[in-house]
Every structure is written in C-alpha cells, then in structure tokens.
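>
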Amino acid sequence: MGQPLLEVSHLQTTFFDGKQALNAVDDVSFTIHEGETVGLVGESGCGKSVTSLSIMRLLSSGGKIMNGSIHFNGQNLLALSEKEMRNIRGNEIAMVFQEPMTSLNPVYKIGKQIDEAIIYHNKVTKKEARQRTIETLKNVGIPRAEEIVREYPFQLSGGMRQRVMIAMAMVCKPKLLIADEPTTALDVTIQAQILDLMRELNKKNGTAILLITHDLGVVAEMCERVIVMYCGKVVEETDVQSLFAHPHHPYTQGLLASTPKLGEHAERLGSIKGNVPSLNHLPKGCRFAPRCPKAMAICREQVPALEALDDGGLCRCFLYQAKKAR
Amino acid sequence: MLRYTIRRVLGLIPILIGISIFVFLFVHLIPGDPARLVAGQDATVKDVQLVRERLGLDKPIPLQYLTYMDNLLHGNLGISLKTQQPVIHLIAERFMPTFWLSFFSLAWALAAGLLIGVVSATKRNKWQDYSGMFLAVSGLSLPSFWLGLMAIQLFAVDLGLLPTGGLDSWTSYILPSFTLGTGIAAVIARFTRSALMDVLKEDYIRTGHAKGLPRSRIVWGHALKNAMIPVVTMTGMQFGFLLGGSVVVETVFSWPGLGRLLIDSISYRDYTVIQAEILLFSLEFLLINLIVDIIYGFLNPQIRYD
Amino acid sequence: MATEKQIETMEWAGTSPLPARKSPFSRFMKKLIRQRLAFVSGIGIIGLIIIAIIGPSIIPYKITTVDYQYVLQGPSARHWLGTDPYGRDLFSRIIAGTRISLSVGFFSVLAGAAAGTFLGLLAGFYGKWVDSIIMRICDILFAFPGMILAIGIVAILGPGIMNVVIAVSIFNIPSFARIVRSSTLSARAALFVEAERSIGAKNRRLIWRHIFPETISTIIVYFTMRIGTAILAAASLSFLGLGAQPPSPEWGAMLSSGRDYLDTSPFVTLFPGLAIFFTVLVFNLFGDGLRDVLDPKIKD
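Keeping their order, the protein sequence lines are chains A, B and C. Just so it is clear: in the first sequence, position 216 is 216 by this note's numbering, and no numbers are missing. Just so it is clear: in the second sequence, position 57 is 57 by this note's numbering, and no numbers are missing. Just so it is clear: in the third sequence, position 176 is 176 by this note's numbering, and no numbers are missing.
#1: 7 Å is my cut-off, CB to CB: does residue 91/A come that close to chain B?
#2: DSSP state of residue 62/C, grouped into three classes?
#3: For chain B, is any of its Cβ atoms less than 7 Å away from the one on residue 284/C?
#4: Please report whether the beta-carbon of residue 139/C lies at a distance below 7 Å from any beta-carbon of chain B.
#5: Residues of chain A with CB closer than 9 Å to the CB of residue 123/B, please, in chain order.
#6: Is residue 77/A near the ligand ATP, going by C-beta to nearest heavy atom under 6 Å?
#7: Among 234/A, 258/A, 159/A, which one has its Cα closest to the Cα of residue 10/A?
#8: Less than 7 Å between CB atoms is the rule here; does residue 153/B satisfy it with respect to chain C?
#9: Looking at residue 121/B and residue 193/B, is the spacing between their C-beta atoms short of 7 Å?
#10: First and last residue of the alpha helix (DSSP H) that includes residue 89/B?
#11: Determine the extent of the alpha helix (DSSP H) in which residue 35/B is found, giving its start and end residues.
#12: Could you check whether residue 280/C and residue 232/C sit closer than 7 Å to each other, using their CB atoms as the reference points?
#13: With distances taken Cα to Cα, identify the nearest neighbour of residue 140/C among 253/B, 116/B, 254/B, 278/B.
#14: Please report how far the alpha carbon of residue 300/B lies from the alpha carbon of residue 163/A, in whole angstroms.
#15: Can you name, in chain order, every residue of its own chain whose Cβ lies under 8 Å from the Cβ of residue 225/B, other than the five neighbours on each side?
#16: Provide the residue span of the alpha helix (DSSP H) that contains residue 288/B, from first to last.
#17: Let me know the secondary structure DSSP gives residue 20/A once reduced to three states.
#18: Measuring only the C-alpha atoms, how far is residue 95/A from residue 121/A?
#19: Is there at least one Cβ from chain C nearer than 7 Å to residue 141/B's Cβ?
#20: Spatial neighbours of residue 161/C within its chain, please: CB distance less than 6 Å, with the 5 preceding and 5 following residues excluded, ordered by chain position.
#21: Chain A partners of residue 227/B, CB-CB under 9 Å?
#22: Rounding to the nearest angstrom, what Cα-Cα distance links residue 283/B and residue 101/C in this structure?
#23: Going by C-alpha to C-alpha distance, which of 281/B, 28/B, 240/B, 95/B sits closest to residue 187/B?
#24: Expressed to the nearest angstrom, what Euclidean distance is found between the alpha-carbon atoms of residue 374/A and residue 155/A?
#25: If the cut is a Cβ gap below 9 Å, which residues of chain C does residue 266/B touch?
#26: Please say whether residue 63/C and residue 103/C have beta carbons closer to each other than 7 Å?
#27: Please check the pair residue 178/B and residue 243/B, which I expect to be a contact at CB under 8 Å, by giving their CB distance rounded to whole angstroms.
#28: Against chain A, with Cβ distances strictly below 7 Å, would residue 297/B count as a contact?
#29: Please report the straight-line C-alpha distance between residue 107/A and residue 104/B, rounded to a whole angstrom.
#30: Considering only the beta carbon of each residue, do residue 92/A and residue 175/A sit closer than 7 Å?
#31: What are the residues that DSSP puts in a beta bridge with residue 180/A?
#32: How big is the Cα-Cα spacing for residue 122/C and residue 110/C?
#33: Are any of the Cβ atoms in chain B nearer than 7 Å to that of residue 263/C?
#34: Name the chain C residues that come within less than 7 Å of residue 120/B, Cβ to Cβ?
#35: Does the Cβ-Cβ distance between residue 258/A and residue 271/A come in under 7 Å?
#36: With a cut-off of 7 Å, does the C-beta of residue 154/A fall near any C-beta of chain B?
Shown next, in the form of structure tokens:
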C-alpha cells in the first residue's frame, strides 16, 4: 500500500431547499492510497454521488460543503481558489459518469472534446493535443481512433461513448479517477469490457480509483477496500475479502443477501425491507434501525459511532459495540 | 443534409400555391368591380368594359388564376395603377434599403438579445437576471413607432447626432435599425435565457466542469452552441415580426423601402402594388424560414449527417 | 477540523432546486419581481378596466372640445398632460382612449381565440382529413407575417377600428388553433376519453365536457399573453392611418397626429405612447405570471 493520496475527513455536505437544510453527506471520513481501488457502495440516495462531487467541488446548485476537509496529495482541496481547483479537475482528479449517452456534448466532435482537456491543462499545440487524444483513444481500446475523433457522439454506441469518457478522464494521466456507476447504463458484456479496461489502466498507470456503485459483484471484481454508505453516513469500511466473508453491519449483510452469487443457485434472493428514508424524514437513532432485522431498543434512541473491529474494519452498529463492552 | 434540404424545399410547394391563391383572390375580395378599380372612378362604362377585356377579368376565375400564375412566373407583377409603371420596377428600387434595414435590425437584435439572455441565464435569480428580464419585457411592450419617434427627438432633434429620417448615409441606418430590432431583441433574450437554462442542467455541462474548463468556456462554448439550435428556429419565426414592423418603422423614418411603399399604395388604392407586396413579404418570410431550417441542420450534427 | 466556514463549490445548474446564499438586494428584487410584479400588474389591469368603464364620465374636459386659445400647451394645473394641436385636453383624451384600446385588444383576441379554439378542437379530436385541411390553412395563414396579413385585410375592408379588430383576430386564429390542437391531442390520448367513448358518449359531449376543460388553462394563459400584442398591433395600424381615424382618441391615432409637432411639443406624442407602453406592459407581466402559475410546462 502506497502513500495516502486522498484523505476525506469529517466531510459534511448540505443541500438547502427553501428553509430546510438537508445533510446529504454527514461526517464522512475515508482515505484512498496511491494506486488503490476503493469501492463506495450503497443504495441510490445514500450520498455516494454527493461525496464524489464534493471531492471535485462540483455540487449542483443548492449544495454546500459545510464542514470537514479533503486533502489530496497533502493539499486541502477545500482551501483552494476556484482557479486552483480547475487545475486539479480533469488533471489530477478525473471523473467518469454514469450516463455515457448524455455526458458528451452532442454538438462537438469527439476529438475536440478530448483535445480541450489536454489544452487547458498543458502547454501544447493543437496538433500535439490531437496526437495525444488519438493515442489515448487507442489505449482505451477504440478502433479507428483517427476516424472517431472526427465523429459526433450520436454516431457511437453506448459502450464506445463510455470508452471515450474514460479516455477523456485519463488523457491528463490523473492520480485519482472517480468513476460514478460507470457501467450501470451499459449492457452486461460491455460492462465487463469497461471494468477490464479500468483495471488495466489502474495497473499500467498506477491510477487510484474510487469506484462508486450499488453492484457488489463489480466491487468483488475490482476493489481492494470497500466503504458502505447509508443515508449520508459511512456504516462499514473493510477490505474486500472480509466484506464478503463476514459482513458486520446488518445493512451490508442485507446488500450481500440481495446480490446473486455466481455458482450458487439461490432459491430466493434476499431483500432489505422498506426504502431508503428521505433526508428530511430521518429516523431518530440509527438511520437503518427501521429496516434492520436486528434492531434493539437502543438503536431507536441513539446514533452508534463508527468504531474499529478486531479484524481491522470499521463498523457503525451497536451489535458489536455491545459485544465489545461485554 | 441534401435530403433534408430537398425535403424542406418540397414541403414549401403546397404553401406557396396556397399563398398565391390567397394573394390572387385579394383583388377579387375588395368590394366593388375590379375593372372599375383599375379604370378609375371617372371612367366611362365603355372604358371599364375595355379594361375588363384587356385584363381578362371577364374570363372564369380559375382561368384568371392560371394567367396570373403564368405572369408571375415570368416576373410580371402587373402595372401600378397610380404610376403606370411595371410593379416589378417599383419594388426593385425599394428592395435594398429594406433588406439592409432588416439585416442591421436583426444583427442588433441578436447581439443584444443573446448577451442579455446569456447573462440572465448564468446569473439566474440574481439582480442581473431580474434587470435583464425586466428590460426584455419592457422591450416587448414598447410600441416601435413611439420608440422611433422618441429616439428621433433625443438623438436627432435634441442632440443633433443622427439624421431624423430618410436614407443618405450609413448613419441613417442607426436609429431605424435600433427601433426595429428592439422588440425582437427582447424576444431573443427571453428565449435564449430559458433555452440556456435548460442546457445548463445537462450532464455534458458537468462533464465540462469535471474536465477543468473555465466557466466562460463552458457557457459561451458548450452551452450556447447547444442552446442556439432552438434560438435560431425561434429567430426565424420572429422574422415575420421584423417584416411587419418594417412597415411601421419605415413610415416613422420616411424610409425609401418596401414598407412605406405598401402604406403609400394603400392610401392611393394602388391594388396591384399592394397585391405584389403582400406576395413578396410572404415569399421573403418563407425564404428566411427555409434558410433558418438549413442553418438548423448545420447546427445539429444529427441532421447534417443524415 | 470542524470549522464554520463555508466552502465555495463550482455550481452547475443540476438537479437540486434552490441556490443558497443571496444578497439582501437580490432577495428584495426576487420578491418584487417574482410575486409582487404579477400581482401588481393584475391590479393594474383591474385599474385599467375601471378607467375604461367609468373614465369617459369623470374626465375634466369633453374630448371633442376644441380651444384655440390653448393649442399645444405643455402640462399645467389646468391641463395635466397639456393640450393637442386643436387645444383639446390630452389627459381627458388618453383616459377616454383606454376604453378603445382595451376593447380592441380584448375582443380581437377573443374572436381569434374562439375561432382558433374551435378549429383546434376539431383538428385535434377528429384527426385525419379534418386535421390536414385545418392545419394546412393555418400553415398558409402563418406564412403571411402577422402585420402584413392585417394590413392586407384592412386594405380589402377599408380603414376603421372595426376592421382592425377583424384583421387582428384573423391573425390570432392560427396560433390558437395550433396550441389548442396539441393540447387536444394529449387530452384525447388520456384514458378517460377512451373509457367514455366505450360507454357510448357522443363526440360533442366528449369535446365539451372532457377535452375542452383540459385545454382551458393553456387557452387562458395564451389569451392573456396575446392581448398585449393585439393592443400593440391595433395601435400600430391606427398610427399608420389604417385603424381608428381622427378625431377618435385612440392612442395610436393621437400619437400619429402629434408627430408633426414632435420638435416643439414632444408631450403630444410622449403621453399617448406611455399609455400604450404601460397597458401592454401590465398585460405582458400578468401573462408571464399566469403562465408560471397555470402552465408548469413552460415554467423555467
């Protein structure tokens, strides 16, 4: 494991909706090391995307980072000016989004959209930029790259567009790639190709990856460490082997039970009862308590802390804290 | 792109025929005997009869229409009842002043409208937005003839900077173009604002930010190029407003153009000129919309590559 | 680590609705413009209607009283807005003109809206050849620029305020027909119409009981928005000498007769123009507000 690359600590991001202030990300801390692949897992609406957009400082209007710090390479991103932050975006930290169909500008040619990222971050001529664009497109497995640069997004398939998005993200050789559900919108066969590509880029360039997904199968295939989020809070953090071998938090157990496993013929997939509560109707006590099969009296009264477990993982649950106290 | 253009042109044919029928019927819809109108009020019954035969007004209406169309296709728009000159000559000498007036008005309208629209959309719900939109709704509510007269009073009479009317030099264009373009600038500003605000919600705008592009580049490049697609279409439709407005503005500024010719012809009851002018204005409107459709195709790669 | 400072982030106009910080000035402007303005313009319209109804009976001077001792006088205590080239009181004439402009605007849009709505309902409900014929005629009417069409109609019918009403209503027909047609199509697609038809309801009943009510809010919004334009068009035609004729106190005609005295007595053109501007402005602002409330589709 290398040096710490990204250290998020006590991050709190709030959305203001009229007079309401909703904490979409609430006291979240984690670290990503150089070259590491970390999964950020949870159902939709649990604050995964807001966490990643907070790191990029790209919140949609109404969102504000209220608290905490985000250190990247020892530099606090939250203390940078907007201009300094622009030099980080796309250059040191890059991002790939879920929707390849709508994430590319429909009226610009592919080549121009990638050249742009190079030109804004490097002192290069247009010609040099174009050369690098073609090279990068080839690296992400795009055939006929010289022709593709002169085409428009609507002329490409979804999988090709996601490759273009990845090329665009990788073209400045970032140290960290944030991939927000990069394969969710794609066909299964294409999904595997895109994941292979990301793993290869991780190996070859040493790019650290923060992979945001709701799919534990993807996590198992890609990640070394996993962070599980629920309602804006981290509920469990552990390495990938222990997560699948013995998940601790009842929410993680629920997620695992609802994931089909290869080779096992499950009679019935488990599911977690109920829905993710909306941020303005959060329950008192543990946020998962109303859906938790193992909820105790204390869970409905107090919020458990995120505490270290014996195997080195972290878990936010009274079950283990009670055991330890005993 | 070629297929698209051909389809647009072919789509115009039924409308063109419709227009020609309406315009042809124009003279027949005027209460009274068309031959009497042409011959004049003092003409004898015999003269009227002669005119009727000469113009073929005694023939059945469908045959008259075919004759009218035949003349039209040969560039014969008839003879002016007042000046006895071919209408086509009258129109030809008035055409360029109106063309350039429309051109400069549109240029001013696009410059002002796009600027206000973009500023309003990017400073949404801030004072710039409110001021811009208040300016726009005011521009929409201003009577152009009043705006023109007030502009003459201020810039020509009081300050003596610009001519009060007529067409003598390039400075003559400033006030009429400003007056004619203001209403359309207001419409373009409002429309650009809403189109741009829609585009700024798109995912590819977020991608642009994630690439580390400066905001100015994202707004004026990525966002505006997309927003221009609906704005261009809307501007084409506003061109009818411009042609109609030119009649009023040319009257205010004593402009030697087609609009004033139309108003003069109405007061002289010069029906052949009125008829030709209405035809010309609608053809111009159709032509502009065809050009706009083609520009739309160019802006939208999905159509260009069809 | 926990500090109270707020970190500025790059905002893009994404999903989450409201912006966070506002200066007191923009908050003030927001209230003024968003809620108050539509409200104030609504009151302005009511005020104009009251003036139109009772105005002519409370004005200080008869609008036809010619007084050659007071020709082209500037505003004074005796004549609040001055006098015209015939010594007539401008204030009284502008008040009296309110009725003309308001009724011309209202009735021309009403007639155009009624005819357009009827055609739009027919085209949208019956579809097929009915739809094709109506829409082709609308296409042709649309191919004439609005003012040119109106001028052509006045050229046929002759100048006069009634003919202006007819001309302006005709150029309102195709736009209402198109709008009503498209909301009719979506209303027809809704399930309840199918259900009603299956229990044997008559077409006429379907149109008036089910489809028309669905389109009414669109019609009201568009109606309000068109009145300002119609008043403007009618005033323009009168200014060109095609509409109301002197000595009518129609604002456009008054302005036209004052333009010869622009350099010496600009108030003769200034005040009628302001009257047109404010009348059209309140209708446009009210239409905008109404659209935001009633027709969320167009809401930004």
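Just so you know, even glycine gets a beta-carbon here, dropped at the ideal spot from N, CA and C. Keep in mind that this is a model prediction, so the values were computed, not measured.
In brief:
#1: yes
#2: coil
#3: yes
#4: yes
#5: Those do not exist, as residue 123/B stays about 12 Å from chain A at its closest Cβ, beyond 9 Å.
#6: Absence of the ligand ATP is noted for the structure shown, with no ligands found whatsoever.
#7: 234/A
#8: yes
#9: yes
#10: 87–122
#11: 34–39
#12: yes
#13: 278/B
#14: 23 Å
#15: 299
#16: 271–299
#17: strand
#18: 15 Å
#19: yes
#20: 243, 244
#21: The premise fails here: residue 227/B is roughly 10 Å from chain A at the closest Cβ pair, so nothing lies under 9 Å.
#22: 32 Å
#23: 240/B
#24: Because chain A in this structure spans residues 1 to 326, residue 374/A falls outside the shown range and cannot be described.
#25: 151, 154, 155, 159, 240, 241, 242
#26: no
#27: Between residue 243/B and residue 178/B the Cβ distance is about 17 Å, and since that is not below 8 Å, they are no contact.
#28: no
#29: 28 Å
#30: yes
#31: 212/A
#32: 18 Å
#33: yes
#34: Neighbours of residue 120/B on chain C: none; closest Cβ ~10 Å, over 7 Å.
#35: yes
#36: yes
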